[in-house]
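Just so you know, full-length UniProt numbering puts 98 at position 98 of the sequence shown, and the rest follows in order with no gaps.
The C-beta atom is built at its ideal place from N, Cα and C for all residues, glycine as well.
Fair warning: this is a prediction, and the values are worked out from it, not measured in the lab.
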Amino acid sequence: MATRGFIGRRTPEDHAARTPPGQALTTDFPVLSAGPTPRIKLEDWKFTLKVGPRPVFAWDWKTFDALPKTAFTRDIHCVTTWSKLDTKWEGVTIDDLLAAAGMEAATPFVLAHGFDGYSTNVPTADLAGSKAMIATTYDGKPLTPDHGGPARLLVPHLYLWKSAKWVSGLQFTEVDTAGFWELRGYHMVGDPWREQRYHDDP
């Protein structure tokens, strides 16, 4: 894993209640990746919903970008122990995505896939109820490749490795299937408030 731009800060008292245990605040936005950053042309971008191995709906960039947008202001937390408060995103909530596809959440679990071959598992309940989105802008600007652009999954209440960069689709699964980091010892849920970093954390 590569990390760039992390400068730790002492947690101010007025922010302590928003900072999970073991985390340090930063005003930077560190860049982390498991491999090289892909550069995806919008004309090549495609997002697919699957139930098991079966594709059920897909968008190209033009049709995806026409979907209803929602703005999020959320705190984010990385497993590498930095947190950043009040980050501003815009994108398509998973609720609106499913509505546009004319479907409901089909299974208890989801496996998110990226254009770079990355994957991560997320309980379906952690995506519903406006908890998560496919984000396309950050701080009022199109999402850059370093931060997962043109689109990334954003699940801000879980550690950031669950927010798959360069997302290419969501696959609904009956079984909680481990993704890239989960296969390498990371936690299957990743709740920062419970410090669920590694597989044997409670």
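Run of the alpha helix (DSSP H) containing residue i, from where it starts to where it stops
i	result
residue 126	Neither: residue 126 is in no alpha helix (DSSP H) and is coded neither H nor E.
Residue i Cβ short of 6 Å to the ligand SAM heavy atom set
i	result
residue 23	No copy of the ligand SAM occurs in the structure displayed, which carries no ligand at all.
Assumed close pair residue i, residue j - CB separation to whole angstroms, cut-off 8 Å
i	j	result
residue 57	residue 101	4 Å
residue 112	residue 32	Not quite, the Cβ-Cβ distance comes to about 16 Å (not below 8 Å), so this is no contact.
residue 88	residue 140	7 Å
Residue burial classification, residue i (beta-carbon count within 10 angstroms, cutoff 16)
i	result
residue 126	buried
residue 192	buried
residue 163	buried
residue 217	As displayed, the chain neither begins before 1 nor continues past 202, which places residue 217 out of reach and without an answer.
residue 149	buried
residue 2	Any reading at residue 2 is ruled out, since the residue's pLDDT is 40, under 50, leaving its predicted position unreliable.
residue 173	buried
Identity of the residues DSSP links to residue i by a beta bridge
i	result
residue 84	76
residue 55	50
residue 110	122 and 172
residue 60	46
residue 133	93 and 154
residue 145	Answer is none; residue 145 lacks a bridge partner.
Member of the options whose CA lies at the smallest distance from the CA of residue i
i	options	result
residue 46	55, 61 and 54	61
residue 136	152, 146, 157 and 130	152
residue 262	169, 16, 163 and 34	What the structure shows of the chain is the stretch from 1 to 202, and residue 262 is not part of that stretch, so it cannot be assessed.
residue 40	177, 182, 167 and 50	167
residue 197	22, 17 and 15	22
residue 27	66, 49, 72 and 83	83
Start and end residues, beta strand (DSSP E) containing residue i
i	result
residue 153	152–154
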